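J.: Numbering (my numbering), first residue to last: 211 to 452.
Glycine residues also receive a C-beta, built at the ideal position from the N, C-alpha and C atoms.
Since this is a predicted model, take the numbers as computed values, not measurements.
Before anything else, here's the structure in question.
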């Protein structure tokens, strides 16, 4: 069977038989890939903890009919070491992995931007340099933008009229002017709107200067926007403290 190498982040795993696992990966060159790791659950496995969620690995795989097979695995960055021992980082990281898994829906469709975004997000998250909730919200907005769901915070998402505007609606793509406003739209504070733009742009001085109430409001809007565009909520998001 043809062999290939790729760099990957482990998104999730589940058991197969008595000693194997199916590993879902987001790879640099091949997009989302599902592969079997033979004997990985045995204590004598040479892969050990290299194929656990959050691990950044270099892999050799062989192509299979339905699932590929992992034949070699080397650790590049053990993100789990900086994430697994902290509740806030762990729950935020789990949401990031689930989001990447959902946004890169087609297997073997290259998605380099999503891969690089996830690696960068996990690197910042594991370092502890920034608050986990802020890293998560920034990652979610950016990953949605890369997937083609960029929210509009400046102009009206419906007619394009430049703002500032008062109304936010996830189903229509962001901020709405008074004419385009629809029932059920939220009316975030101007400071929250500026914060959302900063999270999307990675303007960390603005993010870090934000008041807690505006951070909470922004997180709620990000979650609503994500849930709408994924068509259903993320299980892991229920455990994140907002």
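Let me know if residue 237 comes out buried or exposed under the rule of 16 or more other beta-carbons within 10 Å of its beta-carbon.
T.: Within the chain shown, residue 237 is the residue found at index 27, counting from 1. Classification of residue 237: buried, given that the 10 Å Cβ count is 16 or more.
J.: Which whole-angstrom value is the C-beta distance of residue 248 and residue 279, which I expect to be below 8 Å?
T.: In the chain shown, residue 248 corresponds to position 38, counting from 1. In the chain shown, residue 279 corresponds to position 69, counting from 1. That pair is a contact at about 7 Å.
J.: Do residue 229 and residue 215 have their C-beta atoms within less than 9 Å of each other?
T.: Along the chain shown, one-based indexing puts residue 229 at 19. Along the chain shown, one-based indexing puts residue 215 at 5. In this structure, residue 215 does not lie closer than 9 Å to residue 229 by Cβ.
J.: Between residue 291 and residue 266, what straight-line distance do the alpha-carbon atoms span, to the nearest angstrom?
T.: In the chain shown, counting from the first residue as 1, residue 291 sits at position 81. In the chain shown, counting from the first residue as 1, residue 266 sits at position 56. If you take the alpha carbons of residue 291 and residue 266, they lie about 11 Å apart.
J.: If you count every other CB in all the chains shown that lies within 10 Å of the CB of residue 369, and 16 or more means buried, which is it?
T.: Here the question's residue 369 lines up with position 159 in the chain shown. Counting Cβ neighbours within 10 Å, residue 369 comes out exposed, since fewer than 16 surround it.
J.: Can you give the Cα-Cα distance for residue 363 and residue 349, rounded to whole angstroms?
T.: Indexing the chain shown from 1 puts residue 363 at position 153. Indexing the chain shown from 1 puts residue 349 at position 139. If you take the alpha carbons of residue 363 and residue 349, they lie about 16 Å apart.
J.: Output the boundary residues of the beta strand (DSSP E) element that contains residue 454.
T.: Residue numbering for the chain in the displayed model covers 211 to 452; residue 454 lies beyond these limits and cannot be assessed.
J.: Starting from the C-beta of residue 432, find all residues in its chain whose C-beta is less than 7 Å away, skip the five residues before and the five after it, and write them out in chain order.
T.: Along the chain shown, read from residue 1 onward, the residue named residue 432 stands at position 222. Excluding positions up to five away in sequence, the list reads 347, 350, 351.
J.: Going by DSSP, what residue range makes up the beta strand (DSSP E) through residue 283?
T.: By 1-based counting over the chain shown, the position of residue 283 is 73. Per DSSP, residue 283 belongs to the beta strand (DSSP E) from 278-288.
J.: In chain order, which continuous runs of the alpha helix (DSSP H) of length 4 or greater are located wholly inside the segment 363-424?
T.: Taking only runs of at least 4 residues, the alpha helix (DSSP H) segments lying wholly in the segment 363-424 are 400-411, 414-418.
J.: Could you give the distance in angstroms between the alpha-carbon of residue 427 and the alpha-carbon of residue 448?
T.: Locating residue 427 in the chain shown gives position 217, where the first residue counts as 1. Locating residue 448 in the chain shown gives position 238, where the first residue counts as 1. Answer to the nearest angstrom: the Cα atoms are 16 Å apart.
J.: Less than 9 Å separating the beta-carbons of residue 305 and residue 450?
T.: What you label residue 305 is simply residue 95 of the chain shown in a count that begins at 1. What you label residue 450 is simply residue 240 of the chain shown in a count that begins at 1. For residue 305 and residue 450, yes; Cβs fall inside 9 Å.
J.: Would you identify the three-state DSSP class for residue 341, choosing helix, strand or coil?
T.: In the chain shown, residue 341 corresponds to position 131, counting from 1. DSSP places residue 341 in coil when its eight states are reduced to three.
J.: Report all residues from its chain with a CB closer than 7 Å to the CB of residue 399; omit the five preceding and five following residues, and keep chain order.
T.: Locating residue 399 in the chain shown gives position 189, counting from the first residue. Here the set comprises 424, 427.
J.: Just how far apart, CA to CA, sit residue 444 and residue 219?
T.: Position 234 of the chain shown, counting from 1, holds the residue named residue 444. Position 9 of the chain shown, counting from 1, holds the residue named residue 219. Residue 444 and residue 219: Cα-Cα distance of roughly 19 Å.
J.: Would DSSP call residue 426 helix, strand or coil?
T.: Counted from its first residue, the chain shown places residue 426 at position 216. Looking at residue 426 - three-state DSSP - the assignment turns out to be helix.
J.: Residue 353: which of 374, 329, 375, 371 sits nearest, CA to CA?
T.: Here residue 353 corresponds to residue number 143 of the chain shown, with the count starting at 1. Minimum Cα distance to residue 353 is reached at 329.
J.: Give the C-beta separation of residue 345 and residue 334 to the nearest angstrom, bearing in mind that I take them to be a contact with Cβ-Cβ under 8 Å.
T.: Residue numbering aside, residue 345 sits at position 135 when the chain shown is read from its first letter. Residue numbering aside, residue 334 sits at position 124 when the chain shown is read from its first letter. Confirmed, Cβ separation roughly 5 Å.
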